[in-house]
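In the working numbering, the protein residues as written are 609 to 678. C-beta: ideal position from N, C-alpha, C; glycine also. Please read all numbers here as calculations on a predicted model, not as lab measurements. Take a look at the structure below.
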């Protein structure tokens, strides 16, 4: 779901997700939640974007359980 979305398309998508989840909001709460929805969608798009291997951290740490000393 990439690309630029119109405010109307975002509102329709937001309402569809609310309906799918069975969530009912008051008009005031809907407007407040809808105001933050474009930022939320941008974060989702960023999360699902394809990144090159160079975007991975250079260091990977592995933790091993401590062995009992004998």
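Residue i vs residue j beta-carbon contact at 8 Å
{"i": "residue 618", "j": "residue 635", "result": "no"}
{"i": "residue 633", "j": "residue 641", "result": "yes"}
Neighbour-count burial assignment, residue i, 16 or more Cβ in a 10 Å radius
{"i": "residue 622", "result": "buried"}
{"i": "residue 627", "result": "exposed"}
Contact set for residue i: own chain, Cβ-Cβ below 8 Å, skip 5 residues either direction
{"i": "residue 630", "result": "none"}
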